[in-house]
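Note sheet for the following structure.
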Amino acid sequence: MSKLLADKKALITGGSRGIGRDMVLAYAREGADVAFTYRSNAEKAAEVAKEAEALGAKAVAYQSDASNYEASEQLIKDVVAEFGAIDILVNNAGITKDNLMLRMNEEMWDSVINVNLKSVFNLTKHAMRTMLKQRSGSIINVGSVVGIFGNAGQANYAASKAGIIGFSKSIAKEVGSRGIRCNVLAPGFIATDMTDELGEEVIKAYEDAIPLKKLGEPKQVSDAAIFLGSDMSTYVTGQVISVCGGMSM
Ligand SMILES: NC(=O)c1ccc[n+]([C@@H]2O[C@H](COP(=O)([O-])OP(=O)(O)OC[C@H]3O[C@@H](n4cnc5c(N)ncnc54)[C@H](OP(=O)(O)O)[C@@H]3O)[C@@H](O)[C@H]2O)c1
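Everything in the sequence shown is counted per my numbering, starting at 3 for the first residue and increasing by one.
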């Protein structure tokens with residue numbers, strides 16, 4: 003059976019841990035060559051690259067801060083020089099700095115907006131020239147259900163993820179005629195380092211409120227990312243696809 007991402011070249015930001023790590027490996031399994039980034043954890047990134055290569059893919063890890071405009075420009079140049087194309091761009095890198103508004107300081111606001119939202123502009127902007135030349139591309143921006151319905155204590159995070167929705171719908175309209183698609187993949191609560199920080203009691207409360215009654219797994223998000231990156235979704239653009247156990251109904 004042919005692999006769903008055979009011959010595709012993908013760039014995934016934040017691929018050293020959590021959902022991004024799982025996507026790198028899932029993409030490799032489906033036949034894609036994968037460039038991915040990390041911010042600081044070089045050891046974890048090297049392990050992921052090795053695992054992806056063991057699956058038969060070409061995989062290269064790049065240390066690159068997605069919130070930095072110049073670094074993102076250089077990254078795209080390096081990836082195009084090494085891989086020759088970018089068929090799929092997954093803007094996955096993200097952070098949380100949660101607090102109630104009275105305790106949220108300017109740094110918490112700026113860093114979350116820069117890493118989660120400005121990064122999407124940085125990478126999309128610099129990958130666009132390559133995708134326009136190719137007259138094809140799939141951009142997958144990782145949002146969150148919190149960007150749809152908000153969350154107390156996460157005004158910065160929810161704003162960044164809601165911003166991603168407006169950005170992605172605009173890009174879908176701007177470059178649809180050039181064969182480039184842009185969608186949002188909005189996970190609910192997925193078990194990763196990010197959700198580990200929440201503590202057992204909070205996690206139990208979320209599980210009770212989720213129609214499917216459990217946290218999601220990175221694999222379930224990766225499955226949707228395979229769909230959006232593959233030729234199974236060639237008529238899907240400008241959409242927000244939630245992978246959330248029914249949370250965002
Ligand atoms: N987990 C959830 O429940 C959940 C729910 C909804 C949405 N999401 C979204 O899904 C995405 C992945 O989340 P996750 O839970 O997998 O997070 P995670 O386990 O904390 O991993 C975050 C990844 O992003 C990288 N990263 C962080 N800042 C970066 C930067 N400035 N430049 C480049 N890479 C950077 C990290 O690299 P280092 O290893 O070097 O730090 C790491 O690879 C995020 O956009 C998040 O908002 C997650």
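The C-beta atom is built at its ideal place from N, Cα and C for all residues, glycine as well.
Original post:
Going by DSSP, which residues form a beta bridge with residue 185?
Top reply: Position 183 of the sequence shown, counted from the first residue, corresponds to residue 185. According to DSSP, residue 185 bridges with 142.
Original post:
So, helix, strand or coil for residue 43, using DSSP?
Top reply: If you number the sequence shown from 1, residue 43 lands on position 41. Note: residue 43 maps to coil in three-state DSSP.
**OP:** In angstroms with no decimal places, state the Cα-to-Cα distance between residue 171 and residue 77.
**Re:** Indexing the sequence shown from 1 puts residue 171 at position 169. Indexing the sequence shown from 1 puts residue 77 at position 75. Approximately 24 Å, taken between the alpha carbons.
**OP:** Report the rounded CA-to-CA distance for residue 12 versus residue 233, giving the unit in angstroms.
**Re:** Position 10 of the sequence shown, counted from the first residue, corresponds to residue 12. Position 231 of the sequence shown, counted from the first residue, corresponds to residue 233. In a straight line, the C-alpha of residue 12 is about 14 Å away from that of residue 233.
**OP:** Please determine, among 89, 51, 34 and 71, the residue with the shortest C-alpha to C-alpha distance to residue 236.
**Re:** Counting from one through the sequence shown, the residue named residue 236 turns up at place 234. Measuring from the Cα of residue 236, the nearest candidate turns out to be 89.
**OP:** Grab me the residues of residue 55's own chain with a C-beta within less than 7 Å of its C-beta, minus the 5 sequence neighbours each way, in chain order.
**Re:** The count along the sequence shown starts at 1 and reaches residue 55 at position 53. Here the set comprises 61.
**OP:** With hydrogens ignored, establish whether the beta-carbon of residue 213 is closer than 7 Å to any heavy atom of ligand 1.
**Re:** Position 211 of the sequence shown holds residue 213. No; taking the cut-off as 7 Å, the Cβ of residue 213 has no heavy atom of ligand 1 nearer than that.
**OP:** Let me know if residue 32 comes out buried or exposed under the rule of 16 or more other beta-carbons within 10 Å of its beta-carbon.
**Re:** Indexing the sequence shown from 1 puts residue 32 at position 30. Classification of residue 32: buried, given that the 10 Å Cβ count is 16 or more.
Original post:
Run through DSSP, which three-state label would residue 35 get?
Top reply: Here residue 35 refers to the residue found at position 33 when the sequence shown is read from its first residue. Note: residue 35 maps to strand in three-state DSSP.
Subject >> Distance cut-off 7 Å: residue 191 Cβ against heavy atoms of ligand 1 >> reply: In the sequence shown, residue 191 corresponds to position 189, counting from 1. Result yes, Cβ under 7 Å from ligand 1.
Subject >> residue 137, buried or exposed, once every other Cβ within 10 Å from all chains shown has been counted against 16 >> reply: If you number the sequence shown from 1, residue 137 lands on position 135. Exposed, since its Cβ has fewer than 16 Cβ neighbours within 10 Å.
Subject >> Residues near residue 100 in its chain [Cβ-Cβ closer than 6 Å; skip 5 each side] >> reply: Taking the sequence shown and counting its residues from 1, one reaches residue 100 at position 98. Cβ within range, chain order: 155 and 156.
Original post:
Where do the ends of the beta strand (DSSP E) carrying residue 237 lie?
Top reply: For the purposes of this step, residue 237 is taken as the residue at position 235 of the sequence shown. No beta strand (DSSP E) contains residue 237, which DSSP labels as neither H nor E.
Original post:
Excluding the five sequence neighbours on either side, which residues of its own chain have a C-beta within less than 8 Å of the C-beta of residue 193, listed in chain order?
Top reply: Numbered from its first residue, the sequence shown carries residue 193 at position 191. Hits under 8 Å: 217, 218, 219 and 220.
Original post:
Which of the three DSSP states, helix, strand or coil, is assigned to residue 215?
Top reply: Counting from 1 along the sequence shown, the entry for residue 215 is found at position 213. Three-state DSSP puts residue 215 in coil, outside helix and strand.
Original post:
Ends of the beta strand (DSSP E) at residue 91?
Top reply: Taking the sequence shown and counting its residues from 1, the one referred to as residue 91 is at position 89. 90 to 93 is the span of the beta strand (DSSP E), which, as asked, contains residue 91.
Subject >> Reference residue 213, options 68, 240, 246 and 200, closest by Cα >> reply: On the sequence shown, residue 213 is found 211 positions in, with the first residue counted as 1. Of 68, 240, 246 and 200, the residue nearest in Cα terms is 246.
**OP:** Let me know if residue 67 comes out buried or exposed under the rule of 16 or more other beta-carbons within 10 Å of its beta-carbon.
**Re:** Here residue 67 is taken as the residue at index 65 of the sequence shown, counted from 1. Answer is buried; the Cβ neighbour count reaches 16.
Subject >> Residue of 174, 69, 210 and 109 minimising C-alpha distance to residue 40 >> reply: Translated into positions along the sequence shown, residue 40 becomes position 38. That would be 69, whose Cα lies nearest to the Cα of residue 40.
**OP:** Determine, using beta-carbon pairs with one atom in the stretch 133 to 148 and one in the stretch 167 to 186, whether at least three such pairs fall under 8 Å.
**Re:** yes
Original post:
Helix, strand or coil: how does DSSP classify residue 177 here?
Top reply: Here residue 177 refers to the residue found at position 175 of the sequence shown. Helix, per DSSP.
Subject >> Local Cβ density within 10 Å of residue 81, reported as buried at 16 or more and exposed below that >> reply: Here residue 81 corresponds to residue number 79 of the sequence shown, with the count starting at 1. Answer is buried; the Cβ neighbour count reaches 16.
Subject >> Reduced DSSP secondary structure (H/G/I, E/B, other) of residue 228 >> reply: Within the sequence shown, numbered from 1, the residue matching residue 228 stands at position 226. It is helical.
Subject >> Continuous beta strand (DSSP E) stretch holding residue 62: start and end >> reply: Within the sequence shown, the letter at position 60 stands for residue 62. Unbroken beta strand (DSSP E) run through residue 62: 61 to 65.
**OP:** Output the distance between the C-alpha atoms of residue 18 and residue 53, rounded to the nearest integer angstrom.
**Re:** Sequence index remark: in the sequence shown, residue 18 carries index 16 (1-based). Sequence index remark: in the sequence shown, residue 53 carries index 51 (1-based). So the alpha carbons of these two residues sit roughly 11 Å apart.
Original post:
Looking at residue 228 and ligand 1, is the gap between the Cβ and the nearest heavy atom below 7 Å?
Top reply: Against the sequence shown, residue 228 aligns to sequence position 226. False, no ligand heavy atom lies under 7 Å from that Cβ.
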